[in-house]
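So the sequence lines, in the order shown, correspond to chains P and F. So for the first sequence, the working numbering puts the first residue at 887; every next one is plus one. So for the second sequence, the working numbering puts the first residue at 3; every next one is plus one. Just so it is clear, CB atoms sit at the ideal spot from N, CA and C, and this is done for glycine as well. Data block below; observations after.
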Amino acid sequence: DAGVIQSPRHEVTEMGQEVTLRCKPISGHNSLFWYRQTMMRGLELLIYFNNNVPIDDSGMPEDRFSAKMPNASFSTLKIQPSEPRDSAVYFCASSLGGGFYEQYFGPGTRLTVT
Amino acid sequence: QQQVKQSPQSLIVQKGGIPIINCAYENTAFDYFPWYQQFPGKGPALLIAIRPDVSEKKEGRFTISFNKSAKQFSLHIMDSQPGDSATYFCASRDSNYQLIWGAGTKLIIKP
């Protein structure tokens, strides 16, 4: 299996622009997670989908952030408008389920907002 | 929000030494405790995990020690190697089946 695929790997954008991050989970996995990692705040769970349905979005920092999972093989995380404090590495992970199941992380997208 | 407190924040150990990373959790309902390893430029990957019905689990050079009464668990790396240099995260599964993550420990093994 190719593992979790994320694109782009790097994104540099100007403040105020819309940013869309993409994720393809491992085939057969029914849970998908979006995380943000920074030096200051560590690894933060933003949102969790199960069977394409958002289950917990309490980690989404503001209304500027939105996530969708239109089907089992694709998810997006959108930031509109972007701000410099959104600069971070964004990871997508998938698993066979919540909790006990191993989460498989993608390589991440490094976002820089200038 | 319930937390998992991880320490130390960073750790430097000579090759062959035994680094120990500690985590403490708050809720006795937590019932699954994985450790993830992250190399620079990569996403975290599951290293080893334990459930509270055992006090220790070993996989190769990696050992989790679990103290249920103290609500603490730790990762030990035997015969540490420079290739073990990475950031290590502990986590705990809560009653909503979500992982609560520790802040991470940056480990450097000196040759």
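If you draw a straight line from the Cα of F977/P to the Cα of G992/P, it is about 6 Å long. Look at the beta carbons and you see the segment 891–905 of chain P not touching the segment 63–70 of chain F: under three pairs across the two are nearer than 8 Å.
Using a Cβ-Cβ cut-off of 8 Å, K60/F does not count as an interface residue toward chain P, since no Cβ of chain P sits closer than that to its own. As computed with DSSP, Q892/P is found in a beta bridge with C909/P. Three or more Cβ pairs closer than 8 Å define a contact, and the segment 81–96 of chain F meets that threshold against the segment 31–44 of chain F. Within its own chain, the residues whose Cβ lies closer than 6 Å to the Cβ of N24/F, once the five positions on either side in sequence are excluded, are S9, S76, listed in chain order. D972/P sits in a helix when the DSSP states are folded into three classes.
Residue environment for G106/F: buried (at least 16 other C-beta atoms within 10 angstroms of its C-beta).
For D942/P, the three-state secondary structure derived from DSSP is strand. A Cβ-Cβ contact shorter than 8 Å links T962/P with R908/P. Against chain F, the beta carbon of D942/P has neighbours under 7 Å at Q100, listed in chain order. Here G928/P carries a strand assignment [DSSP, helix/strand/coil].
With fewer than 16 other CB atoms across the displayed protein chains lying within 10 angstroms of its CB, E61/F is exposed. Taking a cut-off of 8 Å for Cβ pairs, the segment 929–949 of chain P and the segment 17–31 of chain F do not touch, as fewer than three such pairs fall below it. With a threshold of 16 other beta carbon atoms within 10 Å, A88/F meets it and is buried. When DSSP reads this structure, P36/F sits in a beta bridge with A51/F. Ranked by how close their Cα comes to the Cα of A72/F, the residues K17/F, M80/F, K108/F, P54/F have P54/F in first place. Neighbours of Y976/P across chain F, judged by C-beta separation under 7 Å, do not exist; the nearest C-beta is about 10 Å away. Shortest Cα-Cα distance from L997/P to any of R971/P, G914/P, E988/P, L918/P involves R971/P.
In the three-state scheme derived from DSSP, where H, G and I count as helix and E and B as strand, P993/P is classed as coil. As computed with DSSP, E897/P is found in a beta bridge with L997/P.
The closest CA to that of S968/P, considering only I891/P, P956/P, V898/P, is found on V898/P.
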